[in-house]
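Residue numbers (this note's numbering), protein chains in the order written: chain L, 160 to 874; chain P, 160 to 874.
Backbone N, C-alpha and C fix where the C-beta goes; we use that ideal spot for every residue, glycine too.
2 protein chains.
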Amino acid sequence: MPDTATGYDRAAVEEVLREVEAGGRDSLTAPEGKRVCDAYGIRTPEEALAVSSEMAVAMAEEIGLPVVLKIVSPDVLHKTEAGGVLVGLRTAAEVAEGFRTIVANVRAHKPDARVVGVQVQQMLTEGQEVIVGAVTDGTFGKVVAFGLGGILVEVLKDVTFRLAPTDAGTAASMVDGIAAAEVLRGVRGNPGVDRAALADLITRVSDLVTDFPQLAEVDLNPVLATPTGATAVDVRILVDANAAEVPHRFTRDEILASMNRIMRPSAIAVIGASAEEGKIGNSVMRNLVDGGYAGEIHPINPKATEILDRKAFKSVSDVPGDIDVAVFAIPAKLVPRALEEVGRKGVAGAILIPSGFAETGNHELQDEVVAIARKHGVRVLGPNIYGYYYTPENLSATFCTPYDVKGGVALTSQSGGIGMAILGFSRSAGMGVSSIVGVGNKADLDEDDLLTFFESDPNTQLIAMHLEDLKDGRSFAETAKRVSLKKPVVVLKAGRTAQGAKAASSHTGALAGDDRVYDDILRQSGVIRAPGLNDMLEYARGIPLLPTPKGENVVIITGAGGSGVLLSDACVDNGLALMRIPEDLDAAFRRFIPPFGAAGNPVDITGGEPPSTYRNTIALGLADERVHALVLGYWHTIVTPPMVFAKLVVEVVEEYRGNGIDKPVVASLSGDVEVEEASDYLYAHGVVAYPYTTEKPVAVLGAKYRWARSAGLLG
Amino acid sequence: MPDTATGYDRAAVEEVLREVEAGGRDSLTAPEGKRVCDAYGIRTPEEALAVSSEMAVAMAEEIGLPVVLKIVSPDVLHKTEAGGVLVGLRTAAEVAEGFRTIVANVRAHKPDARVVGVQVQQMLTEGQEVIVGAVTDGTFGKVVAFGLGGILVEVLKDVTFRLAPTDAGTAASMVDGIAAAEVLRGVRGNPGVDRAALADLITRVSDLVTDFPQLAEVDLNPVLATPTGATAVDVRILVDANAAEVPHRFTRDEILASMNRIMRPSAIAVIGASAEEGKIGNSVMRNLVDGGYAGEIHPINPKATEILDRKAFKSVSDVPGDIDVAVFAIPAKLVPRALEEVGRKGVAGAILIPSGFAETGNHELQDEVVAIARKHGVRVLGPNIYGYYYTPENLSATFCTPYDVKGGVALTSQSGGIGMAILGFSRSAGMGVSSIVGVGNKADLDEDDLLTFFESDPNTQLIAMHLEDLKDGRSFAETAKRVSLKKPVVVLKAGRTAQGAKAASSHTGALAGDDRVYDDILRQSGVIRAPGLNDMLEYARGIPLLPTPKGENVVIITGAGGSGVLLSDACVDNGLALMRIPEDLDAAFRRFIPPFGAAGNPVDITGGEPPSTYRNTIALGLADERVHALVLGYWHTIVTPPMVFAKLVVEVVEEYRGNGIDKPVVASLSGDVEVEEASDYLYAHGVVAYPYTTEKPVAVLGAKYRWARSAGLLG
């Protein structure tokens with residue numbers, strides 16, 4: 160009986176699933192697949208099950224010729240390979256003969272296959288082939304897919320993914336989001352297909368796998384889309400009880416309660432603190448002390464009475480008063496026992512620096528540690544990490560060197576090596592940082608927890624994360640979607656290309672077997688994906704300096720025509736829209752530039768111009784409210800030397816900022832080595848500027864735009 | 160009568176072209192197109208021309224139903240839009256009715272259209288649609304195209320281009336070179352098509368437009384490809400006498416004769432030399448003198464007797480002895496007269512620094528200058544340039560600052576601004592340069608001439624060129640193909656994305672209307688295309704330092720697992736093949752790394768290792784002759800500090816180099832700021848190393864590989 164609100168007949172699906180379970184099967188037969196489709200309003204061709212050639216002929220004549228014949232057998236999953244499919248049977252004689260051929264083929268292919276009969280199916284001859292499906296992704300759980308069908312789908316892999324359940328808008332965005340979307344809209348006199356019907360179909364599949372999470376894969380391939388509807392011609396559904404499992408999740412309040420104590424602790428214990436230089440337990444103590452952390456620091460060492468002028472304790476149990484954080488600097492095998500004591504003490508966070516856990520194959524030890532932590536309500540960071548920094552508290556809980564340039568960028572890394580690159584880059588660039596966190600093996604605390612803390616942290620304006628995998632991609636996507644509405648989240652996902660081919664039994668599954676699920680879902684979740692390590696670092700450094708643009712109109716103002724062309728290329732590469740300059744504004748620009756200069760966009764002020772020409776044109780771009788962002792191209796000349804350019808730009812930008820007009824301005828400087836100092840000066844004053852590259856400044860602006868668009872801030 | 164060698168019937172084509180010319184038409188009718196195809200052995204469907212509905216029925220019955228009907232009219236180019244095409248006519252009645260419908264449609268669409276009749280054509284119902292065509296590209300001349308046909312070709316633009324004439328191997332590479340090539344080879348039980356027939360068809364089209372250059376566009380779309388052949392279903396041919404024009408070209412000997420005098424002059428005149436600081440004529444004089452140029456320098460200035468201690472002359476005519484180069488530092492309008500004198504003096508090269516020519520719209524003045532130069536056999540560099548440098552002669556013939564770091568990199572730029580970026584980057588990076596040349600408006604001398612000189616220049620090992628367009632793309636492609644076999648040629652093609660849509664009357668023409676012709680043909684010509692300005696500069700700096708690899712096996716050795724993953728990503732992005740490590744080599748690596756480290760590739764030596772582990776594994780990679788290149792990932796630790804790492808790497812690389820084993824080694828350094836110094840040290844010793852990025856070192860190695868592959872050096 161269909162549900163009155165949704166129109167879905169859940170009971171019918173439940174009945175099918177009971178039969179499948181009773182049969183000990185992991186896939187549905189075609190007639191079962193059709194029953195499921197019927198129950199969820201998914202249109203399939205007319206069909207009937209024949210158990211004799213005479214019956215097949217009678218049914219074919221009722222349905223209408225031509226027809227397709229398909230074997231129905233619980234033991235044959237790939238029907239075509241088994242010779243179990245015949246298409247385009249146009250006469251009664253062909254149908255009768257076809258029935259016998261199919262059964263014989265399947266018997267030859269797999270002698271012990273149970274043959275239920277032969278499906279006689281209406282043959283659809285018109286329509287654009289597409290694929291609609293759902294898979295249970297190891298990282299993200301239920302994911303729906305939509306793509307171009309037919310042979311080309313396997314070659315071109317023109318397919319897109321979303322988390323299930325989708326809403327109507329998301330489903331429509333999938334139909335419009337494939338490379339060949341134009342084909343569906345209709346090209347060259349072709350009428351196009353019913354895209355609303357396709358979006359509706361995606362939603363139904365999404366609802367189906369959400370309602371029945373044990374449906375591991377649903378594969379409608381091909382779906383034939385016509386101007387008036389969409390019909391799933393072939394249906395393949397796989398069942399797996401494990402597909403319904405959901406990982407454990409902490410609530411936002413639980414996370415914040417722990418994370419606030421961990422990031423802003425009143426007291427820290429260092430388990431394995433040491434007075435001996437070169438030891439990790441010594442480096443951690445020194446960094447806490449030298450870094451200027453103002454809370455209590457308790458060295459824990461059974462053999463010492465004092466370390467770095469602090470009273471040492473044999474165990475955390477002996478420390479008077481509460482402890483918020485325990486930093487572990489002891490060998491892996493000693494961790495469980497110490498963690499028990501830490502747990503009993505009511506510590507909020509255990510920072511597990513030691514390696515020797517899952518990363519070396521010792522999963523048992525790691526599982527044991529997590530179990531102890533869960534028992535006591537301790538959250539664990541690591542193991543196998545360099546530690547963490549939180550500069551607002553002058554906290555350097557790490558064996559690396561302290562970092563003290565305070566600012567709004569929080570960075571996390573799954574790998575210690577990348578953490579060191581973050582530290583070095585930050586120091587070299589003088590980047591203001593709120594926090595750097597190593598997450599290592601992510602036995603417990605992961606990116607979700609950190610995002611949730613940084614979201615609420617007034618000291619953090621942007622979060623940049625290096626990650627190789629996600630423990631719970633769905634939770635990450637949901638958290639990131641929420642957080643990125645308020646603060647930009649930059650993600651460097653490593654291992655993009657290394658996943659290789661997964662064994663998969665459905666088309667949708669095979670298509671999901673690479674980076675594209677990550678890519679599609681990260682984009683939906685509003686994060687800015689960085690293509691490489693250096694990009695992540697430059698985005699993190701530059702994005703917070705740029706004000707959020709109020710619209711899409713980017714204007715290039717350049718002294719070098721050649722830079723203008725390259726900056727235009729970079730704008731297109733980064734999805735930025737070069738403003739079509741209105742006539743009045745064009746005329747206004749022309750008043751400032753030589754007659755042979757080019758207005759339009761880029762505005763080419765030409766090379767030999769004095770500072771006033773740069774100044775006037777930049778001021779015009781800032782003043783005109785139809786312009787939303789400026790990209791500057793500078794050409795080193797004697798008339799306008801690099802530092803003169805840099806200072807005039809800062810002056811005019813600050814003048815307008817003082818008047819409440821704050822637009823993102825980025826710059827590319829071409830010239831002799833003096834342009835390096837000029838770029839640094841500009842950067843230090845909020846103009847994202849680089850020498851010898853037209854790509855980087857535009858890439859940072861592009862990243863800012865991607866964020867602003869997805870956070871709905873462009874208006 | 161077909162030619163006995165080629166089988167082509169040129170006379171038949173000539174006859175068709177005479178008819179077209181006589182009719183004052185610029186396109187062939189379908190029957191004319193078929194005659195051309197017949198003459199060049201291009202298979203088309205069986206067909207006949209009917210002038211009445213009765214005749215159409217008779218012909219359809221002879222050819223065999225179903226048939227296609229198409230209007231034949233010299234005035235209707237887009238037959239479908241005019242209602243002039245009907246497909247799938249299955250009975251005599253449908254054919255008769257169809258004839259009348261088509262004629263009526265065309266009359267309604269274009270009342271004055273001359274109707275020759277209706278083509279009755281065999282209807283092919285099987286086969287994969289592809290497109291084969293040829294266009295006359297404004298830059299490259301005759302270009303052949305091959306792509307996926309049908310509606311998808313217009314949406315996905317899966318098409319590839321080559322210069323005509325192609326050889327058989329090139330034609331085959333086109334069939335295999337499209338994204339959907341797998342479809343043609345056959346997927347999922349599909350038999351695939353006759354790819355040899357497609358390659359043969361491409362060659363025939365290529366020969367056709369080469370033999371008849373007045374054929375501006377040939378468009379076979381669709382071609383239906385089956386397992387046994389390929390048939391051009393629709394043929395569209397456009398004629399344009401201008402399409403046969405060939406630009407003027409100098410011979411290699413002519414170019415070298417001029418270029419050798421220009422780049423290694425014995426005497427230089429500076430037209431407009433000045434004693435007044437701030438003037439261009441003064442800067443040029445100073446740079447020549449201060450740069451250490453040892454030849455004669457003659458200031459030319461009608462009002463001076465001496466400039467910078469050199470005797471000044473009123474005119475070049477007054478200078479005793481020969482002059483090789485005249486640098487012009489006078490206003491544009493004075494150039495023609497001075498150039499006449501320069502020409503009469505027998506000067507080899509006129510370096511036109513002034514602007515005010517074509518770039519400001521003054522094409523007449525530029526044409527006048529070129530005409531004068533041609534008359535006297537003077538080659539012109541510019542106008543609108545900063546000048547040029549040739550360091551082996553200590554020659555800085557420019558108004559910019561001198562450059563004296565000698566080395567093997569020659570750079571050219573079309574834009575002055577980009578030239579300044581080249582200068583600044585070179586100086587900042589200490590890059591050894593043989594030459595920097597501004598080509599500006601390219602009124603005469605262009606990239607071909609420079610390539611030809613640098614090819615023969617023993618001081619140049621690599622050529623890097625910034626260009627916005629090519630005057631004669633075909634000549635460039637041919638020259639670059641020859642030069643790049645000996646020396647890497649890096650090209651930054653600006654304006655990739657700015658070309659926009661061109662009006663085009665054929666499918667092939669429309670598909671050629673963006674950057675893909677450039678991209679395909681530059682790739683064929685063996686140049687390494689840099690995606691951006693900074694990439695061009697980094698490629699230029701790094702490629703000459705790396706020895707040419709002997710094979711494709713790249714091994715990553717890393718102290719940071721996280722870097723290893725990112726370096727693997729970068730390898731895949733850059734088309735590098737991560738070696739599958741043989742078992743014995745794997746075992747050998749394992750002997751040096753901790754048990755929880757990972758052999759395989761990347762070789763993860765883990766983070767806490769001493770210098771000896773880096774040393775031993777790198778030495779193993781160098782020693783094993785199955786390994787062809789090394790990518791190193793360094794992780795800053797106390798155990799192996801950055802400079803210790805840098806020095807051990809240089810030591811071991813130089814040790815093997817001393818023993819005749821020289822493999823490319825690149826490195827990514829993760830760590831605190833000390834990694835910057837370590838990277839510089841490595842770079843200075845021939846190991847291309849960068850801090851805070853895993854992408855750049857691999858991109859440079861990838862560029863080296865692209866060159867080595869296309870030059871056939873990998874063996």
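- The C-beta of Glu-835 (chain P) comes closer than 8 Å to at least one C-beta of chain L.
- Take Ala-636 (chain L), set aside five residues on each side of it, and the residues of its chain with a beta-carbon closer than 8 Å to its own are Phe-299, Leu-322, Ile-680, Leu-681, Gln-683 and Ser-684, in chain order.
- Interface residue (Cβ-Cβ distance to chain P less than 8 Å): Asn-600 (chain L) is not classified as such.
- In this structure, the beta-carbon distance from Ser-365 (chain P) to Thr-325 (chain P) falls below 8 Å.
- Chain L places a beta carbon closer than 8 Å to that of His-795 (chain P), counting this residue as a contact.
- For Gly-286 (chain L), there is no enclosing beta strand (DSSP E), as DSSP marks it with neither H nor E.
- At least one CB of chain L lies nearer than 8 Å to the CB of Met-579 (chain P).
- Ser-572, Gln-573, Ser-574, Gly-575, Gly-576 and Ile-577: these are the residues of the region 566-577 of chain L whose beta carbon lies less than 9 Å from some beta carbon of chain P, given in chain order.
- Contact annotation: Met-422 (chain L) and Tyr-549 (chain L) have beta-carbon atoms nearer than 8 Å.
- DSSP places Phe-320 (chain P) inside the beta strand (DSSP E), whose first and last residues are 318-322.
- Counting only runs of at least 4 residues, the region 791-822 of chain P fully encloses the following alpha helix (DSSP H) elements, listed from N- to C-terminal order: 801-817.
- When secondary structure is reduced to three states using DSSP, Val-175 (chain L) falls in the helix class.
- Setting aside the 5 residues that flank it on each side, Gly-591 (chain P) is surrounded in the same chain by Val-564, Lys-565, Gly-566, Gly-567 and Val-568, each with a C-beta closer than 7 Å to its C-beta; the list follows chain order.
- Taking one beta carbon from each stretch, the region 622-636 of chain P and the region 546-560 of chain P have fewer than 3 pairs nearer than 8 Å; the two do not touch.
- In the displayed model, Gln-620 (chain P) falls within coil according to three-state DSSP, outside both helix and strand.
- Burial state of Ser-211 (chain L) is exposed, judged by a 10 Å Cβ sphere holding fewer than 16 other Cβ atoms.
- In the DSSP annotation of this structure, the continuous segment of the alpha helix (DSSP H) that includes Asp-679 (chain L) starts and ends at 675-683.
- At least one C-beta of chain P is nearer than 8 Å to the C-beta of Leu-582 (chain L).
- For Pro-490 (chain P) and Asp-526 (chain P), the gap between their C-alpha atoms comes out near 16 Å.
- Annotation for Arg-395 (chain L): no alpha helix (DSSP H) segment contains it, though the beta strand (DSSP E) segment containing it runs 394-398.
- Unbroken beta strand (DSSP E) stretches of 3 residues or longer found wholly inside the region 448-492 of chain L: 455-459 and 484-487, given in chain order.
- In this chain, the beta strand (DSSP E) harbouring Lys-301 (chain P) covers 300-307.
- Between Leu-248 (chain P) and Gly-257 (chain P), the gap from beta carbon to beta carbon is short of 8 Å.
- Within chain P, the C-beta atoms nearer than 7 Å to that of Thr-853 (chain L) come from Gly-691 and Leu-692, in chain order.
- In chain order, Arg-202, Thr-203, Pro-204, Leu-283, Val-382 and Leu-383 place their CB closer than 7 Å to the CB of Thr-390 (chain L), counting only its own chain and leaving out the 5 sequence neighbours on each side.
- Shown in chain order are the members of the region 707-733 of chain L whose Cβ falls below 9 Å from a Cβ of chain P: Thr-717, Gly-718, Ala-719, Gly-720, Gly-721, Ser-722, Gly-723, Val-724, Leu-725, Ser-727, Asp-728, Ala-729, Cys-730, Val-731 and Asp-732.
- A straight line joining the alpha-carbon of His-522 (chain L) with that of Ala-719 (chain P) spans about 21 Å.
- Spatial neighbours of Val-529 (chain P) in its own chain (CB-CB distance under 7 Å, excluding positions within 5 residues in sequence) are listed in chain order as Val-539, Ala-602 and Asp-603.
- For Leu-208 (chain L), the closest alpha carbon among the candidates L:Gly-200, L:Met-218 and L:Tyr-199 is that of L:Met-218.
- Taking each of P:Glu-180, P:Arg-194 and P:His-795 in turn and checking the Cα distance to Gly-575 (chain L), the smallest one comes out for P:His-795.
- For Ile-310 (chain P), the chain L residues whose C-beta falls within less than 7 Å of its own C-beta are Val-342, Val-346, Arg-347 and Asn-349, listed in chain order.
- Scanning the region 549-583 of chain P from its first residue to its last, no whole alpha helix (DSSP H) run of 4-plus residues comes out.
- Contact of Val-832 (chain P) with chain L is assigned, a C-beta pair being separated by under 8 Å.
- Contact of Phe-755 (chain L) with chain P is assigned, a C-beta pair being separated by under 8 Å.
- Apart from the 5 residues on each side of it in sequence, Thr-776 (chain P) sits with its Cβ closer than 8 Å to the Cβ of Ile-716, Phe-748, Phe-751, Ile-752, Val-762 and Ile-764 in its chain, given in chain order.
- Taking C-beta atoms as the reference points, Ile-482 (chain P) and Lys-504 (chain P) count as a pair closer than 8 Å.
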